[in-house]
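Colleague: There's a structure below that I have some questions on.
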Amino acid sequence: MEPITWTGFWIVFIVCALTMLACRVLPLFLLKGRKLPERVTEALGFIPPAAFAALVANDLLTPGMFDAGFWPAGAPLVAALIVVVVARFTKSLLLSAIAGVAAYALLVMI
Amino acid sequence: MLGYVAIGIPCGILSASIGMNALQVFMMCALFYSGAGQFMIPNMWLAGAPIASIILSVSFVNTRQMLYSAAFAPWFESASKKLAFWFSATVTDESFGVNMQQFEQGGWTPHRATFVNLFSQTSWTVSCVVGVFVGNAIGIPLAIAAFAMTSIFICLLVTQELTAANIVAAVCAMIGVFACKLVGLSGPAIFIGAIVGVACAILFSRVRERA
Chain A
0 MEPITWTGFW IVFIVCALTM LACRVLPLFL LKGRKLPERV TEALGFIPPA
50 AFAALVANDL LTPGMFDAGF WPAGAPLVAA LIVVVVARFT KSLLLSAIAG
100 VAAYALLVMI
Chain B
0 MLGYVAIGIP CGILSASIGM NALQVFMMCA LFYSGAGQFM IPNMWLAGAP
50 IASIILSVSF VNTRQMLYSA AFAPWFESAS KKLAFWFSAT VTDESFGVNM
100 QQFEQGGWTP HRATFVNLFS QTSWTVSCVV GVFVGNAIGI PLAIAAFAMT
150 SIFICLLVTQ ELTAANIVAA VCAMIGVFAC KLVGLSGPAI FIGAIVGVAC
200 AILFSRVRER A
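Residue numbers (numbering that gives the first Met the number 0), protein chains in the order written: chain A, 0 to 109; chain B, 0 to 210.
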């Protein structure tokens with residue numbers, strides 16, 4: 000992996016900060032107390048589950064992942080299942096991260 | 000508050016792992032200020048995603064802030080423009096929950112709400128910057144650090160409301176990502192996958208309305 004350059008950093012930082020600011024500030028000023036249309040609210044509500052699922056899938060699933068045998072790709076999947084259980088019970092980001100890293104490290108060693 | 004410290008330090012460590020320095024992390028916290036976003040950037044960079052897909056995916060995930068901003072609008076009708084700006088520019092998932100609860104109970108003011116936001120942001124910024132120094136001091140194997148991010152995304156995913164439409168969104172997004180990788184589009188896979196998920200969920204809820 001190449002470290003990120005200052006140029007790369009500036010591009011990501013400026014664009015993300017600006018779109019973020021617009022998403023945060025504009026609705027409050029433009030709506031002036033009115034509600035967002037129901038369809039828009041509904042669609043925006045689907046973004047977090049879709050986006051987080053996409054991020055998880057991107058980390059865990061690759062075509063041909065079992066070509067090198069079951070375990071290299073299976074270990075993170077099993078660790079992920081453990082995180083699912085911990086997250087459902089504790090709803091804690093911190094405990095999920097700790098459980099995930101511990102499970103992953105142990106399973107890779109097996 | 001403790002949650003910010005506990006998640007901020009790993010966020011700083013991971014940002015340092017892709018070569019970001021303390022100043023860059025500080026700027027991210029001060030002006031971008033997004034937990035999920037600040038984890039996504041190192042995550043996608045490690046996965047070798049091009050800058051354009053990082054920007055698209057991060058910005059797409061951040062559109063959820065529009066919902067929060069819209070929800071607060073009624074309480075800021077009579078607040079000054081300056082206060083409304085500072086408040087809305089510093090809303091996050093966590094402080095949204097706290098402030099919304101207080102506003103609904105009554106007796107909560109825009110000033111206090113803004114104070115909560117700025118206090119949260121300060122804790123986040125300090126923890127992330129500390130994380131950069133920790134990350135530079137101790138070398139953490141990349142695969143393990145990356146799995147901490149995966150775990151955080153899993154937690155964010157499974158703590159969503161488990162409605163049928165949300166499950167459709169999540170499953171279709173995963174299939175979308177896999178399909179993108181299958182045809183060699185691994186760079187924009189997250190963005191395309193997420194769009195596919197949202198589109199399927201909208202379609203699903205329309206069909207269900209008719210039925």
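Beta carbons are placed, not taken as given, at the ideal position from N, Cα and C, and that holds for glycine.
1) Using a Cβ cut-off of 9 Å, pull out every chain B residue sitting near residue 108 of chain A, in sequence order please.
2) Beta carbons nearer than 8 Å to chain B: which residues of the stretch 40-63 of chain A have them?
3) Kindly indicate if chain C contains any beta-carbon less than 9 Å away from that of residue 65 of chain A.
4) Taking buried to mean at least 16 other C-beta atoms within 10 Å of its own C-beta, is residue 6 of chain A buried or exposed?
5) Can you round the beta-carbon distance between residue 61 of chain B and residue 34 of chain B to whole angstroms, since I take them to be within the 8 Å contact cut?
6) Quick one: what's got a C-beta closer than 6 Å to residue 199 of chain B's C-beta in the same chain, skipping five residues either side?
7) Are the C-beta of residue 26 of chain A and some C-beta of chain B separated by less than 9 Å?
8) Note down, in chain order, each residue of its chain lying with its Cβ closer than 8 Å to the Cβ of residue 143 of chain B, except the 5 sequence neighbours on either side.
9) Between A/29, A/26, A/11, which has its C-alpha nearest residue 212 of chain B's C-alpha?
10) Can you name the residues of chain A whose CB is closer than 7 Å to the CB of residue 44 of chain B?
11) Residues of chain A with a CB under 8 Å from the CB of residue 192 of chain B: which are they?
12) Would you please verify whether the beta carbon of residue 69 of chain A is less than 9 Å from any beta carbon of chain B?
13) Residue 155 of chain B touches chain A at which residues, Cβ-Cβ below 8 Å?
14) Is residue 69 of chain B close to chain A, meaning its C-beta is less than 9 Å from at least one C-beta of that chain?
Modeller: On the basis of the supplied data:
1) Position 109 of the first sequence, counted from the start, is the residue given in the question as residue 108 of chain A. Correct list: empty, because the minimum Cβ distance to chain B is about 11 Å.
2) 40, 41, 42, 43, 44, 45, 46, 47, 48, 49, 50, 51, 52, 53, 54, 55, 56, 57, 58, 59, 60, 61, 62
3) As a matter of chain content, chain C is missing from the structure shown, whose protein chains are A and B.
4) If you number the first sequence from 1, residue 6 of chain A lands on position 7. Answer is exposed; the Cβ neighbour count stays below 16.
5) As a working mapping, residue 61 of chain B is identified with position 62 in the second sequence. As a working mapping, residue 34 of chain B is identified with position 35 in the second sequence. That belief does not hold up - the Cβ atoms of residue 61 of chain B and residue 34 of chain B are roughly 11 Å apart, past 8 Å.
6) As a first step, residue 199 of chain B must be located in the second sequence, where it is residue number 200. Cβ within range, chain order: 167, 171.
7) Here residue 26 of chain A is taken as the residue at index 27 of the first sequence, counted from 1. It does; some Cβ of chain B falls within 9 Å.
8) Position 144 of the second sequence, counted from the first residue, corresponds to residue 143 of chain B. Cβ neighbours of residue 143 of chain B beyond the five flanking positions: none.
9) Residue 212 of chain B falls outside the range modelled here, since chain B spans only 0 to 210, and no answer is possible.
10) If you number the second sequence from 1, residue 44 of chain B lands on position 45. Going along chain A in sequence order, the residues near residue 44 of chain B (Cβ under 7 Å) are 3.
11) Numbered from its first residue, the second sequence carries residue 192 of chain B at position 193. Residues of chain A passing the Cβ test: 49, 52, 53, 56, 57.
12) In the first sequence, residue 69 of chain A corresponds to position 70, counting from 1. Output row for residue 69 of chain A: interface = no.
13) Position 156 of the second sequence, counted from the first residue, corresponds to residue 155 of chain B. Near residue 155 of chain B (Cβ distances below 8 Å), the residues of chain A are 47, 51, 92.
14) Against the second sequence, residue 69 of chain B aligns to sequence position 70. By this cut-off, residue 69 of chain B is an interface position.
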